[in-house]
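Heads up: the structure comes next, in structure tokens.
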Amino acid sequence: MAAQENHQDVVRFLLENNSSQSIATEDGFTPLAVALQQGHDQVVSLLLENDTKGKVRLPALHIAARKDDTKSAALLLQNDHNADVESKSGFTPLHIAAHYGNINVATLLLNRGAAVDFMARNDITPLHVAAKRGNGNMVKLLLDRGAKIDAKTKDGLTPLHCGARSGHEQVVEMLLDRGAPILSKTKVRPLLPPCGHCFYRRDMFIMPSSCLSLFAIKLSPDCRKLIFHHRTFYLCDGLTPLHCGARSGHEQVVEMLLDRGAPILSKTKRGETALHMAARAGQVDVVRYLLQSGAKVDIKAKDDQTALHIASRLGKGEIVQQLLQKGALPNAATTSGYTPLHLAAREGHQEIAALLLEQGTSLSAATKKGFTPLHVAAKYGQLEVANLLLQKKAAPDAAGKTGLTPLHVAAHYDNQRVALFLLDQGTSPHSAAKNGYTPLHIAAKKNQLEIGTTLLEYGAECNTVTRQGISPLHLAAQEGSVDLVSLLLTKQANVNMGNKNGLTPLHLAAQDDRNGYTPLHIAHGNRLFTRSCLCSGLAWCPSFFLHVLPSVSCINPVFSCRFLVSFMVDARGGSMRGSRHDGMRIIIPPRKCSAPTRITCRLAKRHRLAYLPPMVEGEGLVSRLVEMGPAGAQFLGPVIVEIPHFGSMRGKERELIVLRSDNGETWKEHHCDCKVTELTSILNGMDEEMDSPAELEKKRICRIITKDFPQYFAVLSRIKQESDYMGPEGGVLSSEAVPMVKAAFPHGALTKKIRVGLQAQPVPEDIVRTITGNRASFSPIVTVEPRRRKFHKPITMTIPVPPRSKEAVSNGRKGEPAPCLRLLCSITGGTSPAQWEDITGTTPLSFVTDCVSFTTNVSARFWLADCQQISETVGLASQLYREMICVPYLAKFVVFAKMIDPIESRLRCFCMTDDKVDKTLEQQENFEEVARSKDIEILEGKPIHVECYGNITPLAKSGQQLVFNFYAFKENRLPFNVKVRDMGQEPCGRISFLREPKIAKSLPQSAICNLNFTLPTHRKVRTDKNTLWDIFSSVIWSLLNIKHVTELFGEEAQNIPGESVSEEQFIDEDGNIITRKVTPFSTILDTRNPHYIRTDWTPELPSVVVVVVSCKSVCEFIKVLE
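The numbers in full-length UniProt numbering rise by one with no breaks, and the one at position 292 of the sequence shown is 292.
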């Protein structure tokens, strides 16, 4: 009606409110037809503009042209005589009609004055569009109306290019008959969209936007978005129609163009012919036709690349075979010296390499850098091609121009499988390049731990030096490779070896601020300074370790901060236990590994992962993340991985689950394909002792059975979940932890079979009393997984009613009213925190034998609460829930002590999960362990309050309580000082760890743990001048990056004796005489600017400047630090 009465505003309002304009009357009239009949051109225009498909809005005349609606177009043209109205992209209605092949509208537009050669954006004419789309009638109409047959876009595309590229033979023939220029070349190659004919990445150029619009018309919205967003495809200048047809694989078009005289050897600006194009696109038939038509098989592009090079690189086997049969030279080299075999080796095309080798391709042909095909295969990790080359007698130790062998290259690019294969095939691990670098040097420089381990196992010498006297340990220390330094030290690498400039690995570590190496070197006999510099005694100084993380072992940090096991395994199988924890074990049964493989397993640092395992409330990691290697390795049968954990299972309340990640970003649950009873058959005769499930639970070990290795394993603890596959037939799930909890699925509740789970978490009464007093009682927390799933029929939940609280009224278990019993629900899922709401008013409850039943259409988390004050129910439940979701761990308390003087001592209390007591910083600072507990259940994130009793009193402010929080796998340390009450009695006492702060001495309180301890005896420390100098020097070099160190000493300076220490005097800019102590070292500390550390060591200046101070200043300095 609005369209009939020409109410334009009403039509617009209705369209904006999603009114449908496709609804017709009984006579079949749509609103558009009514508006046309009445001649309301404004309403017609409005209706057409709102009839677009997709997000692009076109003018009304364009819509009419697209729909071939001549009536609407004629009406619109009556009031607006401009037939060349442009859209936002610059196209006219004639372009649209040409695209869709709508002859009627096109004729109308041309009759009404539309420009036949109107150039849209980038000079695209309607003839270009019609030729591209293959609309022969439209091409004929446009040519008959005088369209320019040689019209070019900004990039030099003619209509013939467009038709040839798209393979429209009729259009090509018509254009050729009308005299289209057959030799016309483009400025930029037309777009060959990635949706169907992707070009190789190495051949990408930047495409100007001028030719995007034409070719984007044909694409899907996603492809079009990709094109206009990235605008990066393979392009080249100087394409003829023959190039376009050959690349697109249109043999008939190619044949037609050649018959019309197109030169078969015409080249682009890059020197490529149609044969190059067809080979790149894999157009077998076109290549065959071009070769039969006289194309030169070995014609070269500007970089001397032949069609055989292109086909070999892209893995086009049939084309390679054709070219070789036509006499292509298999040893043709590009300007960089690459033969087709080099390119096939680079891309890993084993079949292509075999074809080339059958034709006599040289195995020793070298590139300009001296790389053979085996070098290239090693560089890119192409194991199969490397195997083929060695089978064909390629030299495994072939040296390039710089003396690099394939093993050097594999080590540099961390291609472990290729390196291991080369060593198995007899490649020497001792091969040295011209500069003296062996593969082990490269592995050390690049921190390639696995390859370094493999090289050492195959006999590589860890003390081999380069021409500059550099050993692998120098390089590893300089690069900060903790793992490799540890590995080399275990292989007796000489830590005191100096290079030609006298620098040891420790020098290089200090020069590059690798302070993590100091404990490693000291533990293996190296000194902070050389003996000629200082007397002795620096290594033991406690201040020296101030920069070492407390959880890191000062004897062997690699095993403390990142647990590592590594061993070789082959078809015979193998087993290994972790060095740090006996519970870590990997078992590869016999005949499960198809090739020699290095198995690695290390504890990964959380911050190195892009995404941690997703955990919902009540779930937590009970072991460190385990990184497996080689990631993605497939075995011929099940293998076993055992991981120790520190979770408290609380009997049957909790369970372990294993998550796996192949990339560190996405995680999924790992399901074991094999039953525990099949372990004997899995071991396949191995003499390995396997614990029963009960023993595993007692030892807290998680056993994983898998047929492949992900990149990461994660062991989680969660509330025990009963799960099963449930389908349309329905069924019942019951909880093992709380047998009265059930979930009944009726027939038809699910339309397909899925895994559903049921969790029931008991709520201990003591926790309820602590949180709520006697104001409320609660049932177990019940969860149906997967969360937030809607069922087609309601499921029935059964939950036991809460126990009666002292203040609660009757809860209606015997048919009485139940005003205090409330049903709470949290529908949030995933990792979102629970949001409890009271749904009692909308969910009817039924009582059956101390249980409550109700129905629900959605899976969620449910909870019954019996609370007299109904308004407080949700608040009390939320408070209690926060306590219930704390994950329980098994940890131990350890107490260290160190006497400062006869009556005062320092105490440091730890709550440890997997930390080693003997690896703590306290062991290095001369603390003594005075007490240790057994493993005790601790809740994560909860505070632990500390109280002392006996002849010991803590030195704390009045009213201040000692407290620290527990977090699994983190250092939970509480340092404080204590004082002996009575020197006449033994300095012993008791330390209590409490869950709640102590309020009054008269109130009893249960402790988490009580430990009795005795303070160690006080030892006098030697304080002669040399010892203080040692301490001071150690402090300086451990804290080089701390500002204002030197400012603590002022102008005071005295000479301090030392062996081989010379003095150096100079006059500064202010005329002051400065005295320096000079020692051999590479890092230079300038006394004139204590904030600046120079590292510009040169052979002409092999010295380090040491701050000269008195013993008094040293004592003041140490006191400040303490």
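Ideal placement from N, C-alpha and C gives every residue a C-beta, glycine not left out.
Exercise. Enumerate in chain order the residues of its own chain whose CB-to-CB distance from Val652 is below 8 angstroms, with the five nearest sequence positions on each side excluded.
Key: Per the sequence shown, the amino acid found at residue 652 is Lys instead of Val. Cβ within range, chain order: Lys720, Glu736, Ala737.
Quiz prompt | Asp304 versus Lys326, Val286, Tyr289, Thr339, residue with shortest Cα-Cα distance | solution = Out of Lys326, Val286, Tyr289, Thr339, the CA that lies nearest to the CA of Asp304 is found in Thr339.
Self-check item: Alpha-carbon spacing of His581 relative to Tyr881, whole angstroms
Solution: Between His581 and Tyr881, the C-alpha separation is close to 35 angstroms.
Practice problem: Enumerate in chain order the residues of its own chain whose CB-to-CB distance from Asp9 is below 8 angstroms, with the five nearest sequence positions on each side excluded. | Solution: Counting only residues of its own chain and dropping the five nearest sequence neighbours on each side, Asp9 has no CB closer than 8 angstroms to any other CB.
Quiz item: What are the boundary residues of the alpha helix (DSSP H) that Asn104 is part of?
Solution: 103-111 is the span of the alpha helix (DSSP H), which, as asked, contains Asn104.
Quiz item: What three-state label does DSSP hand Asn1089 in the structure shown?
Solution: Interpretation of Asn1089 is limited by its pLDDT of 37, a score under 50 that renders its predicted location unreliable; no figure is taken from the coordinates.
Quiz item: Any idea what DSSP makes of Thr920, helix, strand or coil?
Solution: It is coil, neither helix nor strand.
Quiz item: Expressed to the nearest angstrom, what Euclidean distance is found between the alpha-carbon atoms of Tyr413 and Gly315?
Solution: Spanning the two alpha carbons is a distance of roughly 23 angstroms.
Self-check item: Pair within 8 angstroms by beta-carbon distance, Met568 and Pro589
Solution: Cβ distance not < 8 angstroms, so Met568 and Pro589 don't count as in contact.
Quiz prompt | Leu750, enclosing alpha helix (DSSP H) - first and last residue | solution = Here Leu750 belongs to no alpha helix (DSSP H), and DSSP marks it neither H nor E.
Quiz item: Is it true that the stretch 977-995 meets the stretch 1010-1020, where meeting means three or more beta-carbon pairs spaced less than 8 angstroms apart?
Solution: Verdict: yes, contact present.
Quiz item: Residues bridged to Gln634 by DSSP?
Solution: Gln634 pairs with Asp708.
Quiz item: At a cut of 8 angstroms, does the stretch 719-734 reach the stretch 830-849 through at least three beta carbon pairs?
Solution: No: fewer than three Cβ pairs fall under 8 angstroms.
Quiz item: What's the gap between the Cα of Leu257 and the Cα of His342?
Solution: Looking at the two C-alpha atoms, the distance is approximately 35 angstroms.
Practice problem: Throw me the rounded Cβ distance for the Glu922 and Arg932 pair, which I believe falls under 8 angstroms. | Solution: Arg932 and Glu922 do not touch by the CB rule: their CB atoms are close to 13 angstroms apart, not below 8 angstroms.
Self-check item: Exposure of Ala610, with buried meaning 16 or more beta-carbon neighbours within 10 Å
Solution: Classification of Ala610: exposed, given that the 10 Å Cβ count is below 16.
Quiz item: In the DSSP assignment, what residue or residues form a beta bridge with Ile586?
Solution: Met576, Val641.
Practice problem: Check whether the stretch 365-379 touches the stretch 398-415, counting contact only when three or more Cβ pairs, one atom from each stretch, lie closer than 8 angstroms. | Solution: Here the stretch 365-379 makes contact with the stretch 398-415; the two share three or more CB pairs at distances below 8 angstroms.
Quiz prompt | Residues bridged to Lys790 [DSSP beta-bridge criterion] | solution = Lys790 pairs with Val858.
Quiz item: Using the rule of at least 16 other Cβ atoms within 10 Å of the residue's Cβ for burial, across every protein chain shown, is Cys702 buried or exposed?
Solution: Classification of Cys702: buried, given that the 10 Å Cβ count is 16 or more.
Quiz item: With 16 other CB atoms within 10 Å as the buried threshold, where does Thr1017 fall?
Solution: Here Thr1017 is exposed. Its C-beta has fewer than 16 other C-beta atoms within 10 Å.
Practice problem: Reducing DSSP to helix, strand and coil, say where Leu949 ends up. | Solution: The sequence shown places Tyr at residue 949, not Leu. Strand at Tyr949.
Exercise. Indicate whether Ala891 and Cys911 have their beta-carbon atoms separated by less than 8 angstroms.
Key: Here Ala891 is near Cys911, since their CB atoms are less than 8 angstroms apart.
Practice problem: If I'm right that Leu484 touches Ala444 with Cβ under 8 angstroms, what's the distance once you round it to whole angstroms? | Solution: The pair is a contact, with the Cβ atoms about 5 angstroms apart (cut-off 8 angstroms).
Practice problem: Consult DSSP for Leu363 and reduce its assignment to one of helix, strand or coil. | Solution: Of the three classes helix, strand and coil, the one that applies to Leu363 here is coil, per DSSP.
Quiz item: Hey, Ile767 and Arg822 are a contact pair by Cβ (cut 8 angstroms); roughly how many whole angstroms apart?
Solution: So it is not a contact: roughly 19 angstroms between Cβ atoms.
Quiz prompt | Residue from Val715, Glu318, Met686 with nearest C-alpha to Arg624 | solution = When only C-alpha atoms are compared, the closest one is Val715.
Quiz item: Between Thr101 and Ile149, is the Cβ-Cβ spacing less than 8 angstroms?
Solution: In the sequence under discussion, the amino acid at residue 101 is Gly, which differs from the Thr named in the question. The Cβ atoms of Gly101 and Ile149 do not sit closer than 8 angstroms to each other.
Quiz item: Among Gln634, Glu678, Phe778, which has the Cα closest to the Cα of Lys707?
Solution: Closest by alpha carbon: Gln634.
Quiz item: Rounded to a whole number of angstroms, what is the C-alpha to C-alpha distance between Arg417 and Ala394?
Solution: CA-CA distance, Arg417 to Ala394, rounds to 18 angstroms.
Self-check item: Between the CA atoms of Glu86 and Gly113 - distance to the nearest angstrom
Solution: Between Gly113 and Glu86, the alpha-carbon positions lie close to 14 angstroms from each other.
Self-check item: Where Gly146 falls, given that 16 or more other Cβ within 10 Å makes a residue buried
Solution: Its Cβ having fewer than 16 others within 10 Å, Gly146 is exposed.
Quiz item: Taking the alpha-carbon positions, what's the Glu358 to Leu389 distance?
Solution: Computed Cα separation, rounded: 12 angstroms.
Quiz prompt | Top-ranked residue by Cα proximity to Ile781, from Gln711, Thr842, Ala860 | solution = Ranking Gln711, Thr842, Ala860 by Cα distance to Ile781 puts Ala860 first.
Exercise. Take the Cβ of Phe713 as the centre, count every other Cβ of all protein chains shown within 10 Å, and call the residue buried at 16 or more, exposed below.
Key: Phe713 comes out buried.
Quiz prompt | As assigned by DSSP and simplified to three states, the class of Ser735 | solution = Three-state result, Ser735: coil.
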